[in-house]
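> Please see the structure below; I have some questions.
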């Protein structure tokens, strides 16, 4: 048996409403190349862990929820998240290819810290790319995630070209008070995003502390313990600073 | 309001003119509505002022437990003179006694219970009333206990069959209150007189009983007519307009709650029916939308004032003083035509005009073909008020046709054609422990256990670990034993209830010949399924105490738990239901009633849990069960949809008395924005009901912190309403133990 016939899945959330359109089954893949200090799923980072699934088992599992995805089946679907789902590229490809062929709407939640080969391989099977930009300044990115952002930003531009103006790219930006909401960072972000051609929307997410307990459990400490959670006010202020971005800006305001 | 001018009856005619056939009237006259809620009117100044008066009284009531009690006057249809909140400002009139929230005694159910209940609130029943109901009248409670066998008493005192309606009114009977406005009592009486004039070829026990009952029904209709004369109305003739239609209908219901104090006195299905009057009067310009809403608001205020006198043990089982004025809304016809009318909206809108409240118990019948605007409005009101429950219309129509309603929480019945003999529930977790302990009672609390309940059973004690096959065999053997005794017990209760505490007014609003259900119930389903799953998939070793019963279970390994859409354990839950129902069907029932089963606990999951020892799934002794058919708190780890899917697998055909499921969501878990939340909730309902054929769902949308705040500052949350198993309750009226249980329940948060 080839190794990629089995995937490591941290967990499955069947009432996903925050990671893509409609009601979604969110599959959290195990493993992540980045080491974000604010990670809220730090227990997904290690390459092994969770439960092992075959493609058959995982497809069967998520398809049990297809009745909740609307009459067309497209008002919801499956979101692959993690960790970073591209960390298990062969398993990811086999999984979403199978689902896509069964008319399931697929969202991928990724940092794009992966190879162009992987991006190109899964491209036909993804309906919406949700790519999170952690920070526009290279140094700060390195501080926050352990890696430079060069490769990620290049991948985003490459994906944007591949998508060929089809609005299938949602850029997510985590508002971390004092870290990602500086005017300099936002100006760079605005300039970067505005040049992209295949944007569906830009989504601002408030940084929350709900993943801290996992850090404490696993490491006894939390690296961003001095940073406060973002409020809606923080998000609104960032939205204001990004007002000239020529795309829909999602802020979670009701 | 308007001076009365006579409105011509210009309803579409049909067979309903000649025979009593409300369904036909509705079919001919209903105007379905597929628009949105924009047409609704807000509360008038009058409504607000009247509701403020009522709220003031309710606050006093909450402080004192009950506001007032008339100890002198056993309640009947005619016992009390007219009562008003504020006579000149009321549109719909009528109270159970002469004052709002003043309760009455109904000693036909049992005089000792009335005494106990009165004393709990500092009142005393006069000696002459005690003497009358001790020496001269047989009460239902006395009658039942005169016939119970020792074993039946044992099963009751050992909490194996629990909450039986042998010390409170059985309720769960829905009169077709619509017949009164549509036909007037004169015609209804004539129909029954005609029946009594017939000579019967065979006059056996059944026929004699029925003749006697019909006679009592006629008397009740006459009393009802007299009662309304005291209010200055003549309901012997049909209602002439919208206001009279509501008033007549309410009078018919009021007579029922004056005569009876059954646990659930449900109202039925009246939205399309009343809408026929409203639509006609709106068209003719006789009433405006504002006036129609005002009539309904006033009516709903009255429904929120219904009260019964309950004793403390009753409150422990059914917390928060519920009356289950269950009112179903919407649904479709058997030809898939929507029955959603503007009046369906108007009733849901009372949660806005008057604010959230537990009563009436608003129950939306969900189906595939209903208008999207309606579905979204329901979702909106749920998100705003947590006061609505949902039930699967597409599923129930197959069993009850399209003119059915819900009694209590989840009990479907064709209106005026079906009635049920309510039977509370058996504690199956205790039965599983009996199976493991070879028929001996398990230890819990201060009870060391070891008493023999089922003699002659072999202990399962051989070997270190429990074997699934052995336990299953003993368990199903006991299910049969339980079924026999449960059926016998129910037969006694309802034989006596029919004779000594008969619901003559409600049954007068049924067809003379009715279909009867005998509604059994089970509690602790998820505990039983998880325990059996633990025995099957993990390894469970009992620790036996000196009395030879398991006082503790040691588990190694993990097991699939109910609530994760995992067939390995979900199939066990299904098998338990199937076996129990199969056993119940083996025994003959009183008046050839059809046995049905519910998976419903009300708030009794807390009490039942406290009376049950440690179970093999890891639940500790005394810990609460999950409510109804819910997974046990915290064991559903894959999110709400998986939990819904597990419950939706339970077979309705084996649980025709309903499968209750309660879910709490924090608002954020349904989406980031309100439009997203509305869409997602509608989609969740469509998935659960239409896609997965689930039966029932209670929906709460709130923050845990709100409940914590309400515990600390109850005065700031006078109308905070939450759904518990099958009904809604004011959070402040729960015991602190029940409040904790509600807060501890899984809140679907999805981060």
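Residue numbers (the numbering used here), protein chains in the order written: chain B, 115 to 368; chain E, 590 to 1340.
Don't be surprised by glycine CBs; every beta carbon is placed ideally from N, CA and C.
1) Indicate the three-state DSSP secondary structure (helix, strand or coil) for residue 986 of chain E in the structure shown.
2) At 7 Å on the CB atoms, spell out the chain E contacts of residue 328 of chain B, in chain order.
3) Under a Cβ-count criterion, where at least 16 other Cβ atoms within 10 Å of its own Cβ denotes burial, should residue 1038 of chain E be classed as buried or exposed?
4) Taking residue 1303 of chain E as the reference, give the member of E:1272, E:1187, E:1324 and E:1063 with the closest Cα.
5) In this structure, does DSSP put residue 124 of chain B in helix, strand or coil?
6) Residue 1261 of chain E touches chain B at which residues, Cβ-Cβ below 7 Å?
7) Using the Cβ count rule (16 or more neighbours within 10 Å means buried), how would you classify residue 1079 of chain E?
8) Considering only the beta carbon of each residue, do residue 1151 of chain E and residue 1162 of chain E sit closer than 9 Å?
9) Contact criterion: CB-CB distance below 9 Å. Does residue 115 of chain B meet it with respect to chain E?
10) Establish whether the CB of residue 1148 of chain E and some CB of chain B are separated by less than 9 Å.
11) Show which residues of chain B have a CB atom less than 8 Å away from the CB atom of residue 1269 of chain E.
12) What first and last residue would you give for the alpha helix (DSSP H) that runs through residue 1284 of chain E?
13) Considering Cα atoms alone, identify which of E:849, E:1219, E:1023 and E:1130 is closest to residue 1153 of chain E.
14) Is the stretch 873–887 of chain E touching the stretch 906–917 of chain E in the sense that three or more CB pairs, one from each, lie closer than 8 Å?
15) To which residues of the same chain is residue 707 of chain E closer than 8 Å at the C-beta, ignoring the five residues directly before and after it?
16) Go ahead and label residue 1289 of chain E buried or exposed: buried means 16 or more other beta carbons lie within 10 angstroms of its beta carbon, across all protein chains shown.
17) Taking C-beta to C-beta, are residue 745 of chain E and residue 757 of chain E nearer than 9 Å?
18) How would you write the range of the beta strand (DSSP E) that residue 1009 of chain E sits in, first residue to last?
19) Check residue 675 of chain E in the structure and name its three-state DSSP category.
20) So, do the stretch 887–903 of chain E and the stretch 955–974 of chain E have three or more beta carbon pairs nearer to each other than 8 Å?
21) Does the CB of residue 1279 of chain E have a neighbour CB from chain B at under 9 Å?
22) Among residues of its own chain, excluding the 5 on either side of residue 1055 of chain E, which ones have a beta-carbon nearer than 6 Å to its beta-carbon?
23) Could you tell me if residue 849 of chain E is buried or exposed, where buried requires 16 or more neighbouring beta carbons within 10 angstroms of its beta carbon?
24) DSSP has residue 190 of chain B in a bridge; who is on the other side?
25) Taking 9 Å as the CB-CB cut-off, is residue 243 of chain B touching chain E?
26) In the DSSP assignment, find the unbroken alpha helix (DSSP H) run with residue 709 of chain E in it and report its ends.
27) Does the beta carbon of residue 1221 of chain E sit closer than 9 Å to a beta carbon anywhere in chain B?
28) Of all Cβ atoms in chain B, is any one closer than 9 Å to the Cβ of residue 1234 of chain E?
29) Using a Cβ-Cβ cut-off of 9 Å, state whether residue 1273 of chain E counts as contacting chain B.
30) Relative to the alpha-carbon of residue 179 of chain B, which residue among B:135, B:192 and B:164 has its alpha-carbon at the smallest distance?
31) For residue 1270 of chain E, which residues from the same chain have a beta carbon less than 6 Å from its beta carbon, with the 5 sequence-adjacent residues on both sides left out?
32) Between which two residues does the beta strand (DSSP E) containing residue 995 of chain E stretch?
33) Taking only the alpha-carbon atoms, compute the straight-line gap between residue 1067 of chain E and residue 1024 of chain E and give it to the nearest angstrom.
34) Quick one: measure Cβ to Cβ for residue 1185 of chain E and residue 1107 of chain E, integer angstroms, because I've assumed they're closer than 8 Å.
35) Return the CA-CA distance between residue 303 of chain B and residue 182 of chain B, expressed in angstroms with no decimal places.
36) Quick check: what's the CA-CA separation for residue 1139 of chain E versus residue 1121 of chain E?
Here's the rundown:
1) The residue you call residue 986 of chain E lines up with position 397 of the second chain. Collapsing the DSSP output to three states places residue 986 of chain E in a helix.
2) On the first chain, residue 328 of chain B is found 214 positions in, with the first residue counted as 1. What residue 328 of chain B touches in chain E: nothing, since even the nearest Cβ is about 11 Å away.
3) Your numbering for residue 1038 of chain E matches position 449 in the second chain. Under this definition residue 1038 of chain E is a buried residue.
4) Position 714 of the second chain holds residue 1303 of chain E. When the alpha-carbon of residue 1303 of chain E is set against those of E:1272, E:1187, E:1324 and E:1063, the nearest one is in E:1324.
5) Walking along the first chain from the start, residue 124 of chain B turns up at place 10. Three-state result, residue 124 of chain B: strand.
6) Here the question's residue 1261 of chain E lines up with position 672 in the second chain. Going along chain B in sequence order, the residues near residue 1261 of chain E (Cβ under 7 Å) are 132 and 366.
7) By one-based count along the second chain, residue 1079 of chain E stands at place 490. Classification for residue 1079 of chain E: buried.
8) In the second chain, the residue the question calls residue 1151 of chain E occupies position 562. In the second chain, the residue the question calls residue 1162 of chain E occupies position 573. Against a cut-off of 9 Å, the Cβ pair of residue 1162 of chain E and residue 1151 of chain E comes out as a contact.
9) On the first chain, residue 115 of chain B is found 1 positions in, with the first residue counted as 1. The predicted position of residue 115 of chain B is uncertain, since its pLDDT is 41 and thus under 50; no value can be drawn from it.
10) Taking the first residue of the second chain as position 1, residue 1148 of chain E is located at position 559. Between residue 1148 of chain E and chain B, the shortest Cβ-Cβ separation is not below 9 Å.
11) Within the second chain, residue 1269 of chain E is the residue found at index 680, counting from 1. The answer, in chain order, is 131, 136 and 137.
12) Residue mapping note: residue 1284 of chain E aligns to position 695 of the second chain, counting from 1. Note, residue 1284 of chain E: premise wrong, no alpha helix (DSSP H); not H, not E.
13) Walking along the second chain from the start, residue 1153 of chain E turns up at place 564. For the residues E:849, E:1219, E:1023 and E:1130, the minimum Cα distance to residue 1153 of chain E belongs to E:1219.
14) Contact between the stretch 906–917 of chain E and the stretch 873–887 of chain E is absent, with fewer than three C-beta pairs closer than 8 Å.
15) By 1-based counting over the second chain, the position of residue 707 of chain E is 118. For residue 707 of chain E, where only same-chain residues beyond five positions count, the Cβ hits under 8 Å are 658, 660, 694, 713, 714 and 898.
16) Against the second chain, residue 1289 of chain E aligns to sequence position 700. Buried, because 16 or more other Cβ atoms sit within 10 Å of the Cβ of residue 1289 of chain E.
17) Numbered from its first residue, the second chain carries residue 745 of chain E at position 156. Numbered from its first residue, the second chain carries residue 757 of chain E at position 168. Residue 757 of chain E is positioned such that its CB atom lies no closer than 9 Å to that of residue 745 of chain E.
18) As a first step, residue 1009 of chain E must be located in the second chain, where it is residue number 420. It spans 1007–1011 - the beta strand (DSSP E) in which residue 1009 of chain E sits, taken as one unbroken run.
19) Working through the second chain from its first residue, we reach residue 675 of chain E at position 86. Correct three-state label for residue 675 of chain E: coil.
20) no
21) As a first step, residue 1279 of chain E must be located in the second chain, where it is residue number 690. Answer yes: the Cβ-Cβ gap between residue 1279 of chain E and chain B drops below 9 Å somewhere.
22) The sequence position of residue 1055 of chain E within the second chain is 466, counting from 1. 1124 and 1129.
23) Your numbering for residue 849 of chain E matches position 260 in the second chain. Residue 849 of chain E is buried by the Cβ-count criterion.
24) Taking the first residue of the first chain as 1, we reach residue 190 of chain B at position 76. Partner(s): B:137.
25) Locating residue 243 of chain B in the first chain gives position 129, counting from the first residue. Taking Cβ atoms only, chain E never reaches closer than 9 Å to residue 243 of chain B, which makes this a no.
26) Position 120 of the second chain, counted from the start, is the residue given in the question as residue 709 of chain E. Here the alpha helix (DSSP H) through residue 709 of chain E covers 700–709.
27) As a working note, residue 1221 of chain E is residue 632 in the second chain. No - not a single Cβ of chain B is within 9 Å of the one on residue 1221 of chain E.
28) For the purposes of this step, residue 1234 of chain E is taken as the residue at position 645 of the second chain. True, the Cβ-Cβ gap to chain B drops below 9 Å.
29) Here residue 1273 of chain E is taken as the residue at index 684 of the second chain, counted from 1. Yes, residue 1273 of chain E lies at the interface with chain B (some Cβ there is under 9 Å from its Cβ).
30) By 1-based counting over the first chain, the position of residue 179 of chain B is 65. Nearest of B:135, B:192 and B:164 to residue 179 of chain B, Cα basis: B:192.
31) The sequence position of residue 1270 of chain E within the second chain is 681, counting from 1. Only 968 and 1259 meet the Cβ criterion.
32) For the purposes of this step, residue 995 of chain E is taken as the residue at position 406 of the second chain. Per DSSP, residue 995 of chain E belongs to the beta strand (DSSP E) from 993–996.
33) Working through the second chain from its first residue, we reach residue 1067 of chain E at position 478. Working through the second chain from its first residue, we reach residue 1024 of chain E at position 435. If I take the Cα positions, the gap works out to 7 Å.
34) Sequence index remark: in the second chain, residue 1185 of chain E carries index 596 (1-based). Sequence index remark: in the second chain, residue 1107 of chain E carries index 518 (1-based). With 8 Å as the limit, residue 1185 of chain E and residue 1107 of chain E qualify as a contact, their Cβ atoms being about 7 Å apart.
35) Indexing the first chain from 1 puts residue 303 of chain B at position 189. Indexing the first chain from 1 puts residue 182 of chain B at position 68. Rounded to the nearest angstrom, the two C-alpha atoms are 36 Å apart.
36) Translated into positions along the second chain, residue 1139 of chain E becomes position 550. Translated into positions along the second chain, residue 1121 of chain E becomes position 532. The straight-line gap from Cα to Cα measures roughly 15 Å.
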